[in-house]
Every structure is written in C-alpha cells, then in structure tokens.
Amino acid sequence: MRVDQSQEDSSVGPNISTKRDLASLCEVEDSVTGAIIRSTFAYVDDQGVAWFGQAHGIRKYDIDVGDLIRLLKRVPDEEVYPLKSASTAIETKLLPRMLLEEAEVLQYLTQHHHQNLIRFHGCVVNRGRITGIALDKYKVFLRYRFEDVPHDLDINACMEGIRAGVKHLHSHGLAHNDLNPMNIALDSDDNPIIFDLGSCKRFGEELLSGGTPGWVDEDYTISAQRNDELAMDKIEAWLVAEKGQRIRA
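In the working numbering, the protein residues as written are 6 to 254.
Shown next as structure tokens:
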C-alpha cells in the first residue's frame, strides 16, 4: 500500500509558528551534574522534508520560535528515508532502515489485526522515498491522559487492553521493545491503542533501537518478550501513582 504526495521539493525554510509544530523537542543533560548540555529539536514539513537543530547550553523552555527557524537545518532525504524499492545494505542506512522495518511490521499486522494495535493504511511516498507511514490518528496519549481528559481513567481496563495488544504481538513471535505512555494512544472510549513499532522485531533479533530511559530496567539489544513485560509493569505503576497524585491534589 502506498499514498503518493506531491513530488515538489521544499525550497523554503521550516514553516513553524509554535513549538507544537515540532516532531520532537528534547534536552541532553550531564549525567553527573544535571547541567544542560544542549536542546535538540526536529521538524517535518508537509512534503515530508526533515529538519534538525540543536541549541547548546539552552533549556528547551527558553527556546523561542525565532531560535527554531534559525537553527533548524534540512536533513538530506537519504539520511532519514528509505528508497521506495531499496534492495541493498548501502541503500538502507540506520534511520531509513528503521522506517522501512516499521512499515514491514505494520504491513504484516494488517493481515493479523488486533483492536489494541494501531491500524496501518500504507506508506507516504515523496521524491521516490518512503517519507511517512499512514496510520489512524488519535488525539489523546496515555502520557497526558490525566491532563487532557477530565473524567476518571479505569486503570485495570486500560492495562487489560495494553496486555491484550502485547499478547497478540507475542503470539506472532514479535516484541514491541519500546512500550511507554507516549507510544500508547486512547480512543474516545479510553481503549488503548499501541503504536510506534519502530523497535518491534521477532524474538531473538538484534535491535537497532529499543527502550526509552525511565521505562526499562537496563539497556538491551535483543528483542524479547521480557522487555515488554517489564515495561507494562512500569506503565501500570506509573498510572497508579499519577492517579493517586491527582486524587490527593
């Protein structure tokens, strides 16, 4: 499956009016002192053109839109996007390979769909490269559920859905390997939808990336069922703690 978009290239700078337009905004701190080293940020425009920038010694909260526009630099397509029909190791470097592998996993899961896994509609192709993946869209993420939705969350029901989706992956010999509240969306009925399958691989395969700091007990490099089980325990503990804080408040 494929979704073709305009082949016109972007010749102007990033069209940003707020930090919310960014695809990511992160900080890198000194692990010993906690001092800020740099903030990094990324943006992807409507044509699938990627931009990346960094501000040394500045916290992300202190960066304004003018800084973003000035510091964002275009990333060459070949560094982030796989060719539509890549066939050699040279054509599939690390980041393009990760996107291509995620698309392949999602394509497989369309034949083995589960209600708690994101629905895949195909790949977006620009300039002869896969520049995006078309998925169902959700407005609420588990990470911000307590902030964005006023009514209570049934944690047991939520975890039951998460575990059901993960169990389905495991039944096909796949592990997600990067479960965390930012990779789980919620529909209008609070049913959890697992997405971001960039680290999803068959048991025993080597990972290109996996695990988000704070949601893993240790670094791991091999896809395994245990990675998901540990992450789900952490997610459940976090949900209980978050809910408790709001009750006390």
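We treat Cβ as the ideally placed atom computed from N, Cα and C, and that holds for glycine.
(message) Can you tell me where the alpha helix (DSSP H) holding residue 122 begins and where it ends?
(response) Looking at the DSSP string, residue 122 is not in any alpha helix (DSSP H), and its letter there is neither H nor E.
(request) Determine the DSSP secondary structure at residue 110, reduced to helix, strand or coil. (result) helix
(message) Suppose contacts are defined by Cβ-Cβ distances below 9 Å. Is residue 145 in contact with residue 157 by that definition?
(response) Taking 9 Å as the Cβ cut-off, residue 145 and residue 157 do not qualify as a contacting pair.
(message) Going by beta-carbon coordinates alone, are residue 222 and residue 235 separated by less than 9 Å?
(response) When the beta-carbon positions are compared, residue 222 and residue 235 come within less than 9 Å of each other.
(message) So if DSSP puts residue 45 in a beta bridge, which residue, or which two residues, is it bridged to?
(response) 31 and 59
(request) Return the Cβ separation of residue 191 and residue 225 in integer angstroms, given the expectation that the two are a contact with Cβ distance under 8 Å. (result) A Cβ-Cβ separation of about 27 Å leaves residue 191 out of contact with residue 225 under the 8 Å criterion.
(request) Please find out if some non-hydrogen atom of the ligand COA comes closer than 8 Å to the beta-carbon of residue 24. (result) Judged by which ligands are present, the structure shown has none, so any question about the ligand COA falls away.
(message) Check whether the region 176-188 and the region 123-135 touch, using three or more Cβ-Cβ pairs below 8 Å as the test.
(response) Touching, no.
(request) May I have the straight-line CA-CA distance separating residue 44 from residue 84, to the nearest angstrom? (result) 21 Å
(request) Count the other C-beta atoms from every protein chain shown that fall within 10 angstroms of the C-beta of residue 48, then say buried if there are 16 or more, exposed otherwise. (result) buried
(message) For a quick check, are the C-beta atoms of residue 204 and residue 176 less than 9 Å apart?
(response) no
(message) Please state whether the Cβ-Cβ distance between residue 122 and residue 170 is less than 9 Å.
(response) yes
(request) Kindly indicate which three-state DSSP category residue 163 falls into: helix, strand or coil? (result) The DSSP-derived three-state label of residue 163 is helix.
(request) Going by CA-CA distance only, name the one from 217, 151, 28 and 113 that's closest to residue 250. (result) 151
(request) Measure the alpha-carbon distance for residue 41 versus residue 118 and round it to whole angstroms. (result) 43 Å
(request) Closer than 6 Å by C-beta to residue 80: which residues in its own chain qualify, once you throw out the five before and the five after it? Chain order, please. (result) Only 55 and 57 meet the Cβ criterion.
(request) Note down the Cα distance separating residue 241 from residue 18, rounded to an integer number of angstroms. (result) 42 Å
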